[in-house]
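Remarks on the structure that follows.
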Amino acid sequence: MSSMALEPLLHHTLRQSSPKIHPVKHRKSVPFSVNFNSRPVKIGGSLSLSRFKPHKSLSVIACSATTTLPKTSESTDVIYSETFQLTRVEKVEGKIHVRLDQGKDGDHWQLTVGCSLPGKWVLHWGVHYVGDVGSEWDQPPNEMRPPGSIAVKDYAVQTPLRKSSASDGGECLHEVHIDFNCNSKIAAINFVLKDEETKSWYRHKGRDFVVPLVEYLGDRDNVLGAKRGFDFWPGTFGELSKVLLKAEEPQPKAGGGVAASAGSTQANRLLEGFYEELPLVKKVPLCNTLTVSVRKSPESAQKLVHLETDLPGDVVVHWGVCRDGTKKWEVPPAPHPSDTEIFKNKALRTRLQIKKDGSGAEGFFTLGKETTGFPFVLKLNDGTWLNNKGDDYFIPLPATHEENLSEEKEAYISTGSPSGSITTDEKPSIEGQEVAQTTFTDGIIKEIRNIVTDISSERKWKTKSKEAQESILHEIERLAAEAYSIFRSSSTTFLEEPVQEPKEVEPTIAISSGTGTGFEILCQGFNWESHKSGRWYLELQEKAAELASLGFTVIWLPPPTESVSPEGYMPKDLYNLNSRYGTIEELKAVVTRFHEVGIKVLGDVVLNHRCAHYKNQNGIWNIFGGRLNWDDRAVVADDPHFQGRGNKSSGDNFHAAPNIDHSQDFVRKDIKEWLCWLRKDIGYDGWRLDFVRGFWGGYVKDYIEASKPYFAVGEYWDSLSYTYGEMDYNQDAHRQRIIDWINAAGGTAGAFDVTTKGILHAVLQRCEYWRLSDPKGKPPGVVGWWPSRAVTFIENHDTGSTQGHWRFPGGKEMQGYAYILTHPGTPAVFYDHLFSHYQPEISALISLRNRKKVSCRSTVKIVKADRDVYAAVIDDEVAMKIGPGHYEPQSGPQQWSVAVEGNDYKVWEAL
Amino acid sequence: KNRVCSTHSRNMRGCNDRSCGCTLRAAKAADAVPAEKVFEYSSSSGASLKSMDGMRVFVGLPLDVLSEGGKVNHEKAIGAGLRALKLMGADGVELPVWWGIAEKEAMGKYDWSGYLAIAELVQKMGLKLHVSLCFHASSKPKIPLPEWVSQAGQADPSIFFTDRVGRQFKGCLSLAVDDVPIFDGKSPIQVYQEFCESFKSSFAGFMGSTITGITVGLGPDGELRYPSSHLAAKPNNNPGVGEFQCYDKYMLSHLKQHAEETGNPLWGLGGPHDVPHYDQAPSVNTFFKDEGGSWETTYGDFFLSWYSSQLIAHGNRILSCASSTFSDNLVTVSGKLPLVYSWYKTQSHPSELTAGFYNTANRNGYEAVVDMFAKNSCRLILPGMDLLDEHQPSGSSPQSLLAQIKGSCRKHGVRVSGQNLSVSGVTAGFGEMKKNLLEDNGLVDLFMYQRMGADFFSPKHFPLFTEFVRSLNQLDLDEDDMPQGEGVMRSIQAKAEAQA
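Going line by line, the protein sequences match chains Y and Z. For the first sequence, the working numbering assigns the number 1 to the initial residue and increments by one for each residue that follows. For the second sequence, the working numbering assigns the number 1 to the initial residue and increments by one for each residue that follows.
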C-alpha cells in the first residue's frame, strides 16, 4: 500500500499519548455542544456540563406518570376532581461519539461508540472485508463480537450499548466497545444506532456510519475520522466554525486523529486513532399529569381550585374565570394569588409553586362564588404551551349557594416550598446562554447564525403551539387581504418611492420553488399515447392559448430526453433532446409559446435512473455515453442487475435501469449543470421530478437550489395501507412518508398528494365520505398536513391513460375535481380529463378557484363528513359538497350562490 | 365538525399571549437601542456580538400616508397593515415626514397633528417608529416643497441645483446655500434645525420609546448626492453617466474661490468641458474615458476633489445639526447614501463622480463619506440590498459597490441599515437581501423595507415578504408553509437525527 511509508509515525492513540492531550480532547467537545445547543435555544443548557441535566429529569418524569390525588382535598368538600394526562414531546440533545484507539498492543484496536442520551441503544453493525466489491455489509468475525451481540440475517449483528461509568460528570453514557485485531482482513466497520425504546434509527447524513480501517474508502462523506494527518485540534474555534459552516447538514468532522509515533510493528495498515462527536437529537415523548380538584370553601361560598402537576420546572398557569355559564375569559377581581401578573387585561398568569420534595408544582386559586368556570392553559418555562387536546382546559364550577361569608383568606396560592429552590432540571435562560456565547471568539457567531437559520423551524415549534401558529397566520393573512383591498381601490396611493434609476428585475423564484406563487393550477400536458404522433410539441403549441384561457398557470411537459422507451421515462443521453415528442427546436418553440401566453413550463426530469450506452467487461449495461459519459461508479452498488461501483442507493431502486448514485460528487455536479442548461437553453421554468423515492430528498434540495426553478414537484408514489384488502382510514404513515421526502428536500419542492388520490378512491368506490376528514378534522391527505406543498391530482399518465395502473373510479372524476379544485394544495388536471366532455365543468371550477383566489394555502373547514356526503367551506369564500347526500351551506355572514353543479357535487361561492 | 373553526377563534380570543411570542423580539431590540450609540466596531476583531439576536425589520409606510392637507390616508388599511406586521414579528415602521406638509404654511409654522396621529397608532400597536425627515419633494406621489420655499426659489433661482446649461433641479435646495440666509435672514441649515427642534418637542412623549430612530434628509430623495441624473430620459435602459450639478451661482462662487486659493484661477470658471450628456455612455467625450480620460489629470483631480468634498461638508452640516439636536433622546440618527452602481466596472466610475462620490478604480471615495458619518455617530442607510449584478446592464455592479461601502463602514465602525431599491411588488431580491443582512456579522442589523401599499399586500408579494421576515427571525420555513401535523414534526426530527 502506498501508505506504508508513513506508518511508523501514525501508530499512536489518544490513550497512549501523554496526559496533556486529554484536555485537548475534552475541549473539543465543548464547542460542539455550544454550537449545537444554540439551535433550539430553549432546550438544554448553554454549556456542555449542564447540557444533560434535562435528561435526568426526563427519566424521573417518565416514571412518575401516576400521580396521587391531591392531598389537600378533603373528600367531603371536593366537588370536582379530574386528572389530565399531559403529553408533550421534548427534544433532548446529546451526542454520539466514536472513538478508535489502540489497545493493549500495536495490533489490538478498539472502536468505541457511545451515546450520551438515555435510551435502550443498540449498535447495528457490520464490516467490510478487504477486497469486497460493492457496499454490502458482512457479519463481523466472531471474535470481534462483544458479548450480547445478536446476529441479524447474514450481514449484521446487533450489540446493545451498556451504561458506562467512565463518563465524566456522571453523565448518563452508553457505550459499546468492539475489539479487533488490525491484522484481520477488515476494511471498514459500518454501523447505525437504534434506540429500542422509540424504535428510531440514527444514521449519519442519511446513510451508515463508516469507520475505515484501510485507506481505500476515499472521500465519501459519511466516513468518520476520515480527515487524516496531524492536525491537532487547533484549540480555537475557527476550525470548528469552518466545519460547521459548510454544513447544511451539520457534519462535524472533528479535528481528526491525534496521532504520534508508537512502536507498532503493524506493516500493512495505516491506522489512526480518532475521536469524533456528532450531535444527536432525540425526541422523547413525555407524559405528565395534572390534577385539578375543586373544593367549596368551608367558610364562604368561594371555590378553591387546586392544581397539582408533576411537571418539572416552572409552570405558569395562564387563566381566567368565566361567569354566567359562558366560556368567555375574564380577569377575576383582585386580589390575585401571589406571583401573578395580569396579561393584557385578558388573563392572569400565575406561577405554580414548586413542591417541597421537588416532585412537581401546585397552586391554589380562590374563586368568587359567581364563577362558573375556570379556563386555563399551562406554559412551561421552555415556552411550550400545554392545552387540553387543542382546547383550553375548562373546569366547570357549579353555582354554589350563598353561605356565610367570612373574610377571605389571603391564601391564594400559598403553597409548597417558599424557597424558590431550583429543581434539578431548571433550565438556563436564553439570556444566560447568549451571554455564554458572547464569550467565544468572533467568527463563530456567524456560523451559529447560519446553522440556526437552517434548523430554525424546530425552535419555533418549541415556542408556540400549532394552533397558535395557525391562528396568527390566519390573522396576518386576513389583515393583509384587508389592507390590500383598501390600498388597491384607493387611487390616491402611489407605491413607488421615486427610484433614481429604476430597472427591470427578473423575479427570482428560488424562495418559492415549493409553491410557485401559491395560486398555481397545473395541467399535465400529455398522456401515455402522446409520443405516438411524433409531433406532440407542435400539437400542444396550438393548444397554448386555450390552456391559458382555461386558467392554467403551469404546464407539465413529457420527459424531453432521448429515451429507450418512447414515452421518455428511460432516458439515455440527457443532452439529446430530440425525442418522440419532437425535436429540440420544437421543444424550444413550445416553451416559448407557453411563455407568451403566460404559462410556466415544467420539464419532466428523470434523475433516478439512466440507461447505459455500453456494456462493461462482464457484459452488463452500465457504462454511459454521450456528453455525460459516466462509468459504473455512477451506478448504485446494491442492485445486482447492474453491478454498480457506487455507494448503496439512498432510496428505493427502480429495477429496469441502472439507478444513479447521487452520492457521487461528479454525478451531482453533472446533473446540476444539466438542469441549469435546461433552464437556460430550453427555457423550462421548473421540474416534475420522476421517481423521487429512488434517492434521498437532500439531493433534490441540492438540485433545486442549483437550478432555482419557479416551481417543482416530486413524484413520491408508494402504496397506501390496507388491512385485509380494505383501505385503512388512517393513512398518516403514508402521508408521513411523502412529507418526510418534502422535508428532506427542504420544502423546495412540492409532492404529488398520492394519499388524497388513494383516499378519494375508497371514498367514491365505497361511498364512504367520512374518510375525507382525518381524526383531527382536517383533510386526510398530504394536503391536510402541509397544504402548500401538496400537489393534488386524481389521475396521471401512469395511473390512468392507456396504462391504468391505478385508475380513478370511473364516472366520478368530477367529484374528484370538485374536491381538489376547491381545496388548498396546488391542483393538477390531467390532460385526458381536460380534453373530454368534462371540460366545461373543469373550466368552471378553475375559474371559480381563480375568481375566489383560492390558493395552496387556503383554509378549509370541513363541515360534514358523513357516509354519503362530504362538505367543506374554503376561506369562507367557497362552499362545496361531494356525494349523493344532502348539504346546503348555512347563510350566515355571507350569502351563497351556486357556482358549479354536476353529478353528485355542488359548489357555491360567497356573494 | 366545526373543529377547525372553533380552534381558530378560541386562540384568537383567549390566547393572544401566544401571538406575543413572535413579537417579544421587538421589545428586546428596542431595549438595545441606546447601546447603539456607544457601539464600537473593532476592525481588528472584525466583529461585534451585540446584535446576535437578529435583524430588526421596519416597513416603510406609504409616502403619502398623510394627504397634502395633513390627514391620514386610508387609515383603516394602515391599521390592518400595522397589525399584520406586528403579528408577523416585524419591529416597526418607517414614517416619511415631509417638510412640505409639516411646515407647509409658513416658515416656523408647524402642523404635526397628522403625524402625531400616526405615531399614536403605531404606539398603540406596540410597534416602533423610525421617522424620516424629508427636506425634499416627491414627484410621485406629488409632495412639493413648502410653498414659501418655492417662492424663495422664484426670487433667487440659484438656490436650486443647476447643470451646465442652466437646467434646474427643484426637488431640494442646493447644498451651496446651506449657510446662506435665503429665508428672511435664516439659512436652510437653521430652518432644518428648527424643524428638528419642533419635531423633537412635539414628539417628546414618543422619543426613545416608540420612536427609536430618525433619518434626516440630505438631498434628492433624502440621499446624500447631487441630482446628477434627474434629467436622464430612459432610466430603464443602459443609463447614462449623468451630469455635474455645480452651476448655480453659489456653487460657482465656491469653486472660483477654491481655484484661486489653490493657485489655478482658470480652473474655477466652471465644471469640466469634455463630459458626456446625461444619457450618454462614459466613452462619449474624453472626461470619463478608461484610458487617459481627463478625470485622471491634475485638473480632474482638482475638480472631483472639490465637488465631492462639497457634498461631504454638506452632509456633515446636516448630520451634526441633527445629531446634536437629538443627542439627548434615545434615538439613533441616520443618513442615507445612494447606491450609484451604474458604470461601477469602468475605471472612472462616472455615475458616482457626477453624483458626488470621488470613487474610482484608484481611489476609495467612500472612506471620507463614511468617516463623516462616524464622526457624527450616525448610522448609514444603504439602499439596493436586493440588487444582483446579473440583472443589471453590463458595467454596473450593485453588489461590488455595496461590498465596498460596507467595507468602509466596517472599518469606521458605522452601523448600516439596509433598504431595498426595487419597489415592493417586485418579488425579486429577497434571497439577496437576506444574504446581505446575514453576512457581515451584524454590520447590517436593521432593514427598512420599501414600502407599504397595494403591491406590498398583494398575494404575489406579501407571502414572500412574510417568509423573508420570518427567515430573518431565524426561521426558514415561511409561516403558512409550516407543516401542520405532528407527522411533519416527527419528520423534521428524523431529519435532524439522520444528520446527527
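We put the CB at the ideal spot given by N, CA and C, even for glycine. Values in this document were obtained by computation on a predicted structure and should not be read as measured data.
Between the CA atoms of residue j and residue i - distance to the nearest angstrom
i	j	result
residue 381 of chain Z	residue 81 of chain Z	24 Å
residue 796 of chain Y	residue 689 of chain Y	14 Å
residue 308 of chain Z	residue 302 of chain Z	10 Å
residue 898 of chain Y	residue 881 of chain Y	11 Å
residue 402 of chain Z	residue 161 of chain Y	55 Å
residue 567 of chain Y	residue 900 of chain Y	36 Å
residue 80 of chain Y	residue 303 of chain Y	11 Å
residue 878 of chain Y	residue 747 of chain Y	28 Å
residue 353 of chain Z	residue 417 of chain Z	24 Å
residue 675 of chain Y	residue 85 of chain Z	38 Å
residue 477 of chain Y	residue 821 of chain Y	21 Å
residue 55 of chain Z	residue 447 of chain Z	7 Å
residue 124 of chain Y	residue 138 of chain Y	12 Å
residue 548 of chain Y	residue 620 of chain Y	47 Å
residue 141 of chain Y	residue 101 of chain Y	19 Å
residue 361 of chain Y	residue 395 of chain Y	19 Å
beta-carbon residue i near the ligand HEM non-hydrogen atom, thresh 7 Å
i	result
residue 210 of chain Y	The ligand HEM is absent from the structure shown, which contains no ligands of any kind.
Cutoff 7 Å; reference residue i; Cβ partners in own chain excluding five residues on either side
i	result
residue 540 of chain Y	525, 590
residue 594 of chain Y	544, 555, 601
residue 533 of chain Y	539
Within 8 Å, strictly: CB atoms of residue i and residue j
i	j	result
residue 443 of chain Z	residue 57 of chain Z	no
residue 662 of chain Y	residue 696 of chain Y	yes
residue 858 of chain Y	residue 711 of chain Y	no
residue 365 of chain Y	residue 315 of chain Y	no
residue 576 of chain Y	residue 562 of chain Y	yes
residue 396 of chain Z	residue 358 of chain Z	no
residue 635 of chain Y	residue 653 of chain Y	no
residue 98 of chain Y	residue 180 of chain Y	no
residue 65 of chain Z	residue 118 of chain Z	yes
residue 454 of chain Z	residue 487 of chain Y	yes
Residue i at chain C interface by Cβ criterion, 8 Å
i	result
residue 326 of chain Z	Protein chains Y and Z are contained in the structure displayed, whereas chain C is not.
Coarse secondary structure for residue i, derived from DSSP in three states
i	result
residue 196 of chain Z	helix
residue 907 of chain Y	strand
residue 321 of chain Z	helix
residue 172 of chain Z	strand
residue 914 of chain Y	Here chain Y has residues from 1 to 911 only, and residue 914 of chain Y is not among them.
residue 124 of chain Y	strand
residue 466 of chain Z	helix
residue 765 of chain Y	helix
residue 743 of chain Y	helix
Close Cβ partners of residue i (< 6 Å) along its chain, the five nearest in sequence each way excluded
i	result
residue 171 of chain Z	136, 137, 220
Cut-off 8 Å between Cβ atoms - residues of its own chain near residue i, not counting five sequence neighbours on either side
i	result
residue 892 of chain Y	none
Original post:
Three or more beta-carbon pairs under 8 Å between the stretch 113 to 121 of chain Y and the stretch 340 to 351 of chain Y, yes or no?
Top reply: no
**OP:** Assess, as a yes-or-no matter, whether the stretch 154 to 167 of chain Z is touched by the stretch 282 to 299 of chain Z under the definition of 3 or more beta carbon pairs within less than 8 Å.
**Re:** As far as the Cβ criterion goes, the stretch 282 to 299 of chain Z does not touch the stretch 154 to 167 of chain Z, which means the pair count is below three.
Original post:
Is the stretch 319 to 329 of chain Y in contact with the stretch 363 to 373 of chain Y, if contact means three or more CB pairs nearer than 8 Å?
Top reply: yes
Original post:
For the 8 Å Cβ check, are there 3 or more pairs between the stretch 172 to 179 of chain Z and the stretch 247 to 262 of chain Z?
Top reply: yes
Original post:
Would you say the stretch 736 to 747 of chain Y touches the stretch 758 to 767 of chain Y, given that touching needs at least three Cβ pairs under 8 Å?
Top reply: no
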